[in-house]
Structures are given as structure tokens and as C-alpha cells.
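Position 166 of the sequence shown, counted from 1, bears residue number 148 in the working numbering, the numbering being contiguous throughout. Where is the CB? At the ideal position from N, CA and C, for every residue including glycine. Owing to the predicted nature of the structure, the values given are computational and were not obtained by experimental measurement. Step one of this worksheet: look at the structure below.
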Amino acid sequence: MNVNLRQVRAFVAVYRLGSVTRAAQQLNLTQAAVSLLLRQFEETLGVRLFDRTTRRLTPTQAALDALPVAQEVLDGVERLVNGARGMREKRLGRFGFAASTSAAAALMAPMLQRFRERYPEVEAVMQDRPPERIVEAVLMDEVEFAIGTPDRRTAAVELTPLIQDRLCVICRADSPLAQRRHLRWRELKEVPTISGSRRNPIRAVIDETLAESGQHFVPTHEADYVATSLAMTLQGLGVSVLPSYLVGPQHRRDLAAVPLVGPAVPRTLYAVVKRGHQLSPAAQAFVELLVGGVARPAAGLARAGGAGAGPVGVSPQADARWNTEATKAIHNPSTSR
């Protein structure tokens, strides 16, 4: 059977309008073309759809039976076209993505809200995953993309930088350390510190980078969950060693971030996409929103002493020079080694 949409449209138009002439006008075709399409449709179905007289066309019972199905076909095609257009214009659609648990907690809620306001008919479904599982979720096609910092590189995925940060001392805003422009790793021996265990990806980067300069870091407390680390810092039990972007908005008035140098340890947050996969228009729009919306590390962390939000998450004496020096170091960490 070789039925095409032009034949179905011709049949429905002739049925609705009761005339080949009017159907031809509506379809912007000649009468001969409509008559041919109708005849081909009847031949394909093997039934007569209209009884023809010199004055009018009368639908047969076969036409009565065929009309609802034919109309459903046309309606389905229209829904398909409109849906595709809506997805292309990012007015409709659904996509899933994964985010590492720490990035999800610190960054994703306001970004999801902003995306919903901009694209109310698009459904963005987030799964928070342990950082070591975000690449797996992408490669297994469980999600379109992921947000995080892969603990190892693979040619099977493509990485788009979202935040180029570095490790900082996260301390209470009223701590004397918050007055510092930066801190060196060797100075951390003088204060209680909180960092992940050796299986933690951030701790692994710390150990590897410091080993290159002959240094060693042993935290006072080990906490693999960022929420635990920050809670301990807020209670005055020690300073956390984290990228500043992992300080969520609920803590940014109470904490300050002081960049660590000698060496600086970069920590970049990426959008992770399976190589060769083209993101759906809605997913691409969300990634573009992330690129523009989370590009400044931990914007809004408090100044020391509760003096108000600084331009980025650093202590007050660092505020004046952060944008010219610390940001330069973030994008080129070798300058602060």
C-alpha cells in the first residue's frame, strides 16, 4: 500500500467541502491534480469513496468510515510538526542531565529556576550523581549531558568549561584568615583543616599537585561530602579546602574564600557530552544558560565580618584586587605557583 499525505489531504478536503473545485482552491492545486490524488487514493484503498454525478459528489459508506482515521493522520502529522518546531524554538521538550552531588547542591537550583522562567514548557530533569558516575551516565545514554569535574579524561566525551576556579581556603567570614589576600599550602599546617579522604577526587588532585612541588597535605578532618565540610567550618572546627563555587547560596554571607597559592590548584567545572552526540535544542539552551550564568566562581560570598557581599567569594582585602589578579590566576593557574 502506497498512501501519501497529499492523497489523504485531498480526500479530507473534498469530503469537508463537498467539491473538487473548492478543495483545489483550499489546497492551492488544480482541479485535475485533486481529482488525480483522489482517484489514486481510491485505487490504493480498493474502494469507492464518492458517488459522482454531474452536479455533486456524495460520500460513500467507505468514505464515512475512512474520514475519522484520515483526519487523525493529518492531526498527528500537525502535532508532530508543531512539536518539532516547538523543540527547535525551545518552547517544548524534555531532557535529562546529571550533576555531581556537590555541584547540584551549590549551583543547580537557581539555574533550573531561571531556565523554567525562560522556557516554561520545557521540562529539565536533573539527577544528582556521585562525581565518579557522571561520565558513566553520559556514556550509557542515561542523560543527555552531565555537570561536574571528571576524575579522569576520556576521548569518549567532550568537555565544555563552565567555571574555571581553583582550590581555596573556605573559612568563616569573621575568621582572621578572611583578611588574607591569599594563603600558601604550607601555612595550613598551622590551622585545623577539613578535606576529603584519599578516595575523594578533590583530595586526589591536591595530593598529585603538591607532590610535584615536594609538599604534603594531611587534613585534620576528612569529610567527603561538601555539606559536612562546610557545616564543620561554620562551627569553627576548621577551614575547608574546596573550590569556591561549591559554597552554596545559603552560606555565602557567612563564609569567605581565600585563594590557595604556591601552587595554585585549578578546579574546572564542565558540561560533559558524549562525543558525537548533538544536544537537543532545549538541552543546548540549558548548557548555554549555564555558561553565561555560573561563570563567576561563588559570586556573592560574604565579606569578612558580615560587611556584605563582595564581587566574588573572597575576603574584603582581596576584593579590590581579586578581579585583576586572582581571576587571572584562575584562568592561568601557573602564574600563582
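Cα-Cα separation, residue i to residue j
i, j, result
"V(-10)", "S1", "15 Å"
"V200", "G75", "48 Å"
"R115", "M122", "11 Å"
"L39", "V269", "56 Å"
"A264", "V104", "7 Å"
"R163", "L192", "21 Å"
"A238", "A186", "24 Å"
"L(-13)", "V273", "43 Å"
"R34", "V63", "34 Å"
"A5", "Q260", "41 Å"
"V358", "A(-5)", "Past the boundaries of the shown model lies residue 358; the chain is included only from -17 to 319, so the question cannot be answered."
"Q217", "S84", "20 Å"
"R21", "F32", "10 Å"
Range covered by the beta strand (DSSP E) that runs through residue i
i, result
"D147", "V139 to R154"
"T175", "T175 to S177"
"V223", "V221 to P225"
"T40", "L39 to P41"
Residue i and residue j closer than 8 Å at C-beta
i, j, result
"R168", "Q197", "yes"
"V120", "V254", "yes"
"V223", "S262", "no"
"L242", "V117", "no"
"P143", "Y252", "yes"
"T202", "P158", "no"
"D110", "P183", "no"
Identity of the residues DSSP links to residue i by a beta bridge
i, result
"G75", "V104"
"P248", "R148"
"Q109", "A80"
"K256", "V139"
"L242", "L165"
"E204", "S177"
"L237", "R154"
"A128", "A80 and V254"
"D33", "T40"
Nearest neighbour of residue i, chosen from the options [CA to CA]
i, options, result
"A213", "R234, E194, S195 and Q95", "R234"
"I188", "V247, Q266, L49 and Q53", "V247"
"A155", "L56, L(-1), T215 and T175", "T215"
"L149", "R96, R166 and T210", "R166"
"K171", "A128, R181 and V221", "V221"
"V240", "V59, L46 and P225", "P225"
"P112", "T131, R100 and R98", "T131"
"V208", "S82, L19, A52 and E54", "S82"
Extent of the continuous alpha helix (DSSP H) run through residue i
i, result
"V(-6)", "L(-13) to L(-1)"
"A5", "V2 to L9"
"P183", "P183 to E194"
"F268", "P263 to G275"
"Q217", "Run containing Q217: none; DSSP gives neither H nor E here."
"R115", "Counting along the chain, R115 falls outside any alpha helix (DSSP H), and DSSP gives it neither H nor E."
"T26", "Q13 to L27"
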